[in-house]
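**Q** Last residue of the sequence shown: 2231 in our numbering, with the numbers rising by one and none dropped. Pasting in a structure now, in structure tokens, and then I'll have a few things to ask.
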Amino acid sequence: MEFSNDLLRRYRDDRRKLLEFLLSSDLIKEITTPADIEFDHLSADYVLECIQSGGVLDVSQATRRYRDESSHPIAMHLQSGDVFYLLSGTESAGSPPRRVAPSIPLNRKANESDFVERNNFPGPNYPAAERSHISSQEAGINYQENTIPCAKSLDNKLTHSVGLPNLRTVLGFVKVYGMMTCGKLLMKCFLHVCFFPEIQTTEGRKREKSSKFLSGLKNRKEKRHIESAPIESHLKVLDTIRLQMQISEAADAFIRRRLTQFVMGKVCAQIDVPQLSLVLLTGLLRSDFPSEKSYLHWKSRQVNIFEELVRSDHMKTEKEMIEESLEKIKNSKEWDIKMSSSQRRDALLTLRQVALAFSSIPGRFGIEGETYYWTSGYHLNIRLYEKLLFGLFDVLEESQIIEEAEEILKLVKLTWSMLGITERLHHTLFAWVLFQQFVTTEEAILLDHAIREVKHVLSADIKDDKEVSYMRSLTCPTVGIECETRFDLLQSIFFSISLWCDSKLQDYHLYFSQNSSFFERVLTMGLSTGTQDFIPHRNTQFTGYFLPNDVVTQKIRVYIEKTQYAACRRAIDFATGSMNGKRHPLAILASELKQIAEKDLSIFSPILRRWYPECAMISAKMLHQLYGETLKPFMKDITSITEDVRKVLPAAYGLECCLIELYSSACEENNSHYSRGFERYQIAEISKPFILDWVVAQYERILEWTGRAFDLEDWEPLSAQQKHAASAVEVFRIIEETVDQFFQWSLPMDITHLQALLSIIFHSLDTYLSKVISQLVEKQKLYPSTPPLTRYKEATFPIIKRKVAESSIIDHEIYKELDELTSSKLCIRLNTYRYIQKQVAILEEGIRKSWESVASNRKDRYSTERTPATLEPTDVNGESVSEIFVATMDCIRDSAAQGIQKTSEFLGAKVVFWDMRDSFLSYLYYGGVEGNRIEAVLPQFDKVLNDVCSVVDDTIRDLVVSNIWKASLEGFMWVLLDGGPSRAFSDSDTVLIEEDFNMLKELFIADGEGLPRSLVEEEAKFYRQVLSLFSLQTESLIKMLISSSQNMSAGVNRYKKGQRYVGDTHTLLRVLCHKKDKEASKFLKKHYRFPASSEYDETAVESSSFGSPFVADILKRGASFSWSEKSHSSFRSITKKFQQVSWK
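Put into structure tokens, the structure is as follows:
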């Protein structure tokens, strides 16, 4: 039973300690037990029943009872029998179901097996013989349906014991009584050192140096303060030993008294365990113990220890001598009642003589300090030393070392001569103890130090052949599957460690996915202890070795293959168990295998490749082959895009990309190339036409939604923060949704797919922009018709006045369109253009990143098959891809920029020539300069600018305002040059006009908060030059006009449509027409026959005709700043008259 929860682990530890206490107490009359008792597998109910009945406790029966109980829920002993405990929380489970449970289909397993067979779910290609050795537990098949098992915690028990020979006597005390015996050893050594410190040799002093790792294993408490009084410190150590060895106070007092007496009577003599047992039997009284049973148990323990060590089949005489004495001691009535004190002394003396006889036998190998008991009693000595090392751990917190560990370890090393421990054997046993504690507590630092101890063992340079022979003599028979194998102690410990590590490493996905930090440690330990080939040799000891590199490679390959097999079987079970779900089983299987590959890539392969560089290749090829054999039948049946196809193919492609990445990581590590055994799936060939058909279908959908969104647009801001049109947001939402769906296919794509996607994006946005721009009215329709050219003359008497030329008639629909194109809505359009530019940049960046991922996956797929020179240029930095983006996204941005320019020019012209036609064009200087200055118009200009700037985007604000400024300059010049018969300017008016011009200019500069002064001045430069013409003398203007006409006739400075310069004929003629000067009027009357301004009624609007043939074409021209070709021909006829003029 496994416990992953800390509370359950604590319960298990407490249960074991309670059973140990019950079996070591006087409550049980007799125990029939093997050498080692597995307390975790004993039935607590059976033990309590034996105590109540006073019967014999049969350990085998207790184990069988435990196994029977573990197969059923834990129930309370009630008559109803309907109360039992659950491991899950009832609160989270909710109320019990009220409906009847559905019947279980009898053929469910058959259906699942049919599905597995139909879809050809394979397993790895293991040989039949090898596959037969893989048990169901190793394969990991026994799991619940519809769920993948979570990663397991490491087992809290070892699967194999060391295999020390069994104890010959009925002791079973290694777990129950061993602590007390070890406590006696430590106390004896401690007291002996206290009274006889001179017996420590130089080598002993070296061994007393504390190990550096103990400080790392200790609890995180402050280190014990070293007191000045050594006696108090020694007493504390003794008390700690008593607590660690679980010795009662009464037994502790008796042990101290007898050992003190014994040590005082011995001077530098060899001491061994049998002598200690005799010492504790000598002077033993019933009054030294709290109860009769404890006294009898104590006496029985000492007799059993003595008998275990001195009984030998080779010394029959000594064996017969001690049997009678031991039987007397065991018989309580005869020993305590019938026998006198002298008889008891004689019996103990006989035992002492036999013990001394055994002690005098020389050692087998001639090692310094070796005794007979090193080899004859090694099975007991090793168990005792192991318990001594376990005493370094806190009894309440098994993962921590006690504070006094260094002092106790010094005492432990003093027992080496008694127990036959060498330095290498110490490192071996200490590694074994640390490893056992790690398995129990899962404390990583314990495993680190166990690995360090193993390295000490493996790196030790043993030059003494005697020690080697001694180590090999410590045999440990191990029962295998087919025969018995005899190892020496080191091999047996390493084999036990390696066996546990192998059991976890052969399914490392299951055990280390959540505890990845343990994986490298367990792998290091498994390879360190398992680099020997433990081939079973019947009743013989193995001595052969493989080369370490070959063994490591073989072991890791087995780890990988068995792990992948078990993980794949779990994935297949999960996929087949989800047949009734929404996802296709093949898609589920691909997803699960991808998770396995990702864990291999990120967690396991970087560690495994240190020993086996090709590990990732093995994993990738196994997973690829397994899924490929399953996928091929499915792909053969694909004729169209169905829901199952849309789920399976992307999942399969994602798995293949991950496997290629895993495989490539090993190729890069080894500088190797593609192997033909890794053939890609034919997903690209099948999916390419389906994806293109889907993209074409999306184009019609996008156009439909775009047209619907545009028809519903009212050009109101989306919100106070988002001052653009809602239709643009909807268009991009549809496009982004299409792009997301495009890349959510998660299938291999080439440049053709990208072209198709960008093409529909371009046509969709271009259609939208064209519709927005087409709603603008032609700019020429905004300008008023130009009044006739006249010469200034005041009326001296009333006459019948002519009417000014009639303005061109504007269609009602155009009026309606202009009324809808308000300044605020035009600003929303401008913001929409800008929004499109920003969103196109964001959209392009997203498509580039997504395509880069697609291209990299495609490159990885083909890089294992072809050389880079043969690859199609699909990289995001490749020329073809860049050209595609330029041809689409850049064109959209340019179209939006043109829309901004055209709309902003239209906005400026509409504000000046349409919205402010009455307040600006008709008002300014009408009938005179002084009464109609620009001061009255500036507030309206200011309001328009504030409204525009509050709505328009900050990034295009200056562009829009600058176009309004240009239109204002154009309107100002229209007043001066095309203002009609009512406007004539004297020399004194010029000063006022210049002041008004500067005020208009400063309005747009706005004290540095508006347009840059340099920009304003640059745009006003031409108009200021035109204004300066009004300050010139009339004679100078006439000369300039004649010169300009001559140049025009000669073809110099030929006028181009839409252009004007200061010295051109058009400008000079209009300046003379609006100049309040008699000489100018006389010149115009004589040479152009212009009518007098006083002859026109400016309030009347009707057709007018002039008799002058020279200016007939001029009066029919369009706007003053957009001259037609017809106007050019009229002025060419005027130049002929100028050639005949002779001016005084």
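Here a beta-carbon is modelled for each residue, glycine too, at the ideal position from N, C-alpha and C.
Smallest Cα separation from Glu1787: which of Val1816, Leu1908, Ala1492, Ser1851?
**A** The residue with the shortest Cα to Cα distance from Glu1787 is Ser1851.
**Q** Give the single residue among Lys1912, Thr1873, Lys1868, Asn1918 whose Cα lies nearest to the Cα of Asp1898.
**A** The candidate whose alpha carbon is nearest that of Asp1898 is Lys1868.
**Q** Mind checking Lys1810: buried by the 16 CB within 10 Å criterion, or exposed?
**A** Buried.
**Q** When we look at the beta-carbon of Phe1108 and count the other beta-carbons within 10 Å, is it buried (16 or more) or exposed?
**A** When all chains shown are included, Phe1108 counts as exposed.
**Q** Which residue or residues does DSSP assign as beta-bridge partners of Asp1145?
**A** Answer is Thr1119, bridged to Asp1145.
**Q** According to DSSP, simplified to helix, strand and coil, what is Tyr1768?
**A** Looking at Tyr1768 - three-state DSSP - the assignment turns out to be coil, as it is neither helix nor strand.
**Q** Using a Cβ-Cβ cutoff of less than 8 Å, which residues in the same chain neighbour Val1639 once the five nearest sequence positions on both sides are dropped?
**A** Within the same chain, Val1639 has close Cβ partners Leu1614, Thr1618, Trp1698, Tyr1699.
**Q** Determine the direct distance from the alpha carbon of Leu1105 to that of Lys1550, and round the result to whole angstroms.
**A** Between Lys1550 and Leu1105, the C-alpha separation is close to 47 Å.
**Q** Note down the Cα distance separating Ala1738 from Arg1670, rounded to an integer number of angstroms.
**A** Roughly 11 Å between the two C-alpha positions.
**Q** In terms of residues, what are the limits of the alpha helix (DSSP H) holding Met1709?
**A** Met1709 -> alpha helix (DSSP H) spans 1702-1723.
**Q** Ile1538 and Met1612 look like a contact to me (Cβ under 8 Å); what is the Cβ gap, rounded to whole Å?
**A** So it is a contact: roughly 5 Å between Cβ atoms.
**Q** Measure how close the beta-carbons of Leu1501 and Ala1492 come, nearest whole angstrom, since I'm counting them as under 8 Å.
**A** In fact, because the Cβ distance is near 15 Å, the residues do not count as touching under 8 Å.
**Q** Please report the straight-line C-alpha distance between Leu1467 and Ala1444, rounded to a whole angstrom.
**A** Rounded to whole angstroms, Leu1467 to Ala1444 spans 19 Å at the Cα level.
**Q** Using only the alpha-carbon positions, how far apart do Ser1600 and Gln1593 sit?
**A** Taking the straight line from one Cα to the other gives about 13 Å.
**Q** In angstroms, rounded to a whole number, what distance separates the CA positions of Thr1033 and Val1927?
**A** The chain is shown only over 1088 to 2231; residue 1033 falls outside these bounds and no answer can be derived.
**Q** For Thr1327 versus Ile1495, is the C-beta spacing smaller than 9 Å?
**A** It is a contact, given that the beta carbons lie within the stated cut-off.
**Q** Are there 16 or more other CB atoms within 10 angstroms of the CB of Ser2049, so buried, or fewer, so exposed?
**A** Ser2049 is buried by the Cβ-count criterion.
**Q** Could you give the first and the last residue of the continuous alpha helix (DSSP H) run that contains Ala1531?
**A** Start and end: 1531-1546.
**Q** Between the alpha carbons of Glu1314 and Ser1320, how many angstroms are there, rounded?
**A** Below a pLDDT of 50, predicted positions are generally treated as unreliable, and Glu1314, at 41, falls in that range; the measurement from the model is reported next regardless. Taking the straight line joining both Cα atoms gives about 7 Å.
**Q** Could you tell me the alpha carbon to alpha carbon distance between Phe1452 and Lys1553, rounded to whole angstroms?
**A** Distance between the alpha carbons of Phe1452 and Lys1553: 6 Å.
**Q** Taking all protein chains shown into account, do 16 or more other C-beta atoms lie within 10 angstroms of the C-beta of Pro1361, making it buried, or fewer, making it exposed?
**A** Flag for Pro1361 reads buried.
**Q** What are the start and end residues of the alpha helix (DSSP H) that includes Pro1361?
**A** Where Pro1361 is concerned, the enclosing alpha helix (DSSP H) stretches over 1360-1368.
**Q** Give me the Cα-Cα distance between Val1520 and Ser1579, rounded to the nearest whole angstrom.
**A** When rounded, the distance between both Cα atoms is 14 Å.
**Q** Would you identify the three-state DSSP class for Ile1488, choosing helix, strand or coil?
**A** It is a strand residue.
**Q** Cα separation between Ala1707 and Leu1688?
**A** Taking the straight line from one Cα to the other gives about 10 Å.
**Q** When we look at the beta-carbon of Ile1286 and count the other beta-carbons within 10 Å, is it buried (16 or more) or exposed?
**A** Confidence in Ile1286 is poor, its pLDDT being 37 and thus under 50, which makes the residue's placement unreliable; the coordinate value appears in the next sentence. So Ile1286 counts as exposed.
**Q** Our contact map puts Ala1677 next to Tyr1714 with C-beta atoms below 8 Å; I'd like the distance itself, whole angstroms only.
**A** At roughly 6 Å, the Cβ-Cβ gap stays under 8 Å, so Ala1677 and Tyr1714 are in contact.
**Q** Along the alpha helix (DSSP H) that carries Lys1997, what are the first and last residues, could you check?
**A** It spans 1978-1997 - the alpha helix (DSSP H) in which Lys1997 sits, taken as one unbroken run.
**Q** Looking only at its chain, what residues have a beta carbon closer than 8 Å to the beta carbon of Glu1881, apart from the 5 residues adjacent to it on each side?
**A** Closer than 8 Å at Cβ, skipping near neighbours: Ser2181.
**Q** Residue range of the alpha helix (DSSP H) that Ser1463 falls in?
**A** Per DSSP, Ser1463 belongs to the alpha helix (DSSP H) from 1460-1463.
**Q** With DSSP run on the structure shown, which of helix, strand or coil describes His2161?
**A** If DSSP states are grouped into helix, strand and coil, His2161 belongs with coil.
**Q** Which residue spans inside the stretch 1834-1874 form an unbroken beta strand (DSSP E) run of at least 3?
**A** The qualifying runs do not exist here; there are none.
**Q** What three-state label does DSSP hand Phe1349 in the structure shown?
**A** Reduced to three states, the DSSP call for Phe1349 is helix.
**Q** Strictly by DSSP, which residues pair up with Thr1562?
**A** For Thr1562, which the question treats as bridged, DSSP gives the partners Asp1575.
**Q** How many whole angstroms separate the CB atoms of Ile1392 and Ser1364, which I take to be in contact at a CB cut-off of 8 Å?
**A** So it is a contact: roughly 5 Å between Cβ atoms.
**Q** Could you name the residues of the same chain whose beta carbon sits closer than 7 Å to that of Val1134, not counting the 5 residues immediately before and after it, in chain order?
**A** Counting only Cβ-Cβ distances below 7 Å, and skipping sequence neighbours, we find Leu1106, Leu1109, Leu1144, Ala1149.
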